[in-house]
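Letter by letter, the sequence shown follows residues 18 to 230 of our numbering.
Beta carbons are placed, not taken as given, at the ideal position from N, Cα and C, and that holds for glycine.
Accompanying notes for the structure given below.
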Amino acid sequence: MTLIRKIARPLLGASFIYGGVNSLRHPEEAAEELSPALKDIASYFPQAEAVAAKPRLTAQVLGGVQVAAGAALAIGKFPRLAALTLCGVHKVNSYAEFRSAPLEAEGDEVSQRKTLLKNLSIAGGLSLAVVDLAGKPSLSWRAEHISKQAKKKGTKFGEKTVKWAEDLGDDASSTLRAWERDAKKSFKKAEKQAKKAVKAAAAEAEKAKGKVS
């Protein structure tokens, strides 16, 4: 892990750990802020009615998830998965904060906009953490690179073989070149099938890596 990641991840995770602990310590306050947002969500998605009916429990669950995922991100344990989890929780909390913000006194709207901008900035940081590969190229890029290298090397005979054919005469050289042309044609057909298989395998590997990283 680079120095910047050692600093950035704990800073990003700290606010979620604090927020999660606060929700667990004061579930009633957290539930009061979360309730209007849960009702709005339930009005659009009837499946969420059971969750909206228990705002206190939901606030505690979200708080626990924040603490666990925030700590994982801070120490670099499954950072991408932790960041993805926090993205989901942050969206709910941001909407709840926006929805329950008081708009009675002068300047409340300005304060609400500032809070929204802050939450959007945090969401951007989490999005970067989700796609951060720690400087390593993606599996899809590596698969494509291997395929190109194979194409360059797989259709050409070795220098010793070419020299040996030239020593045998023009007929042998012509035969070797014909074989090389045939090999290129066969390789192109095989390459199309291999590319499909490689891309499919790389996509599956990316999904599996995203679940554990």
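Original post:
Of the residues ALA76, LYS94, GLY93, which one's Cα is nearest the Cα of LEU51?
Top reply: Along the sequence shown, read from residue 1 onward, the residue named residue 51 stands at position 34. Cα-wise, what sits closest to LEU51 is ALA76.
**OP:** Buried or exposed for LEU134, please, with buried defined as at least 16 other CB atoms from any protein chain shown within 10 angstroms of its CB.
**Re:** Taking the sequence shown and counting its residues from 1, one reaches residue 134 at position 117. So LEU134 ends up on the exposed side.
Subject >> Contact check, ALA99 vs ALA89, beta carbons under 8 Å >> reply: Counting from one through the sequence shown, the residue named residue 99 turns up at place 82. Counting from one through the sequence shown, the residue named residue 89 turns up at place 72. Closer than 8 Å, so yes.
**OP:** Enumerate in chain order the residues of its own chain whose CB-to-CB distance from PHE33 is below 6 Å, with the five nearest sequence positions on each side excluded.
**Re:** As a working mapping, residue 33 is identified with position 16 in the sequence shown. For PHE33, where only same-chain residues beyond five positions count, the Cβ hits under 6 Å are GLN83, GLY87, LEU103.
**OP:** Helix, strand or coil for HIS43, going by three-state DSSP, please let me know.
**Re:** By one-based count along the sequence shown, residue 43 stands at place 26. DSSP places HIS43 in coil when its eight states are reduced to three.
Original post:
Looking only at its own chain, which residues have a Cβ that is under 6 Å from the Cβ of VAL68, when we skip the five neighbours before and after it?
Top reply: Position 51 of the sequence shown holds residue 68. The residues are THR75.
Original post:
Could you give the distance in angstroms between the alpha-carbon of SER111 and the alpha-carbon of ASN136?
Top reply: Numbered from its first residue, the sequence shown carries residue 111 at position 94. Numbered from its first residue, the sequence shown carries residue 136 at position 119. A direct Cα-to-Cα measurement between SER111 and ASN136 gives close to 6 Å.
Original post:
Count the other CB atoms within 10 Å of the CB of LEU79; is the residue buried (16 or more) or exposed (fewer)?
Top reply: Within the sequence shown, numbered from 1, the residue matching residue 79 stands at position 62. By the neighbour-count rule (16 or more Cβ atoms within 10 Å), LEU79 is buried.
**OP:** Count the C-beta pairs between the segment 36 to 56 and the segment 113 to 122 that are closer than 8 Å, then say yes if the count reaches three, no if not.
**Re:** In this structure the segment 36 to 56 touches the segment 113 to 122; the number of beta carbon pairs closer than 8 Å is three or more.
**OP:** Leaving out five residues on either side along the sequence, give the residues of the same chain with a beta carbon under 8 Å from the beta carbon of VAL231.
**Re:** Nothing can be reported for residue 231, as the shown portion of the chain is limited to 18 through 230.
Subject >> Cutoff 6 Å; reference PRO53; Cβ partners in own chain excluding five residues on either side >> reply: For this step, residue 53 is matched to residue 36 along the sequence shown. Once the five neighbours on either side are set aside, the close Cβ partners of PRO53 are ARG116, SER117.
Original post:
Would you say HIS107 and LEU143 are within 8 Å of each other, going by their C-beta atoms?
Top reply: The count along the sequence shown starts at 1 and reaches residue 107 at position 90. The count along the sequence shown starts at 1 and reaches residue 143 at position 126. Yes, the pair counts as a contact, with Cβ atoms nearer than the cut-off.
**OP:** Using alpha carbons as the reference points, say which of ALA220, ILE139, ARG130, ALA218 lies closest to ALA8.
**Re:** With the chain running from 18 to 230 in the structure shown, residue 8 is simply not present.
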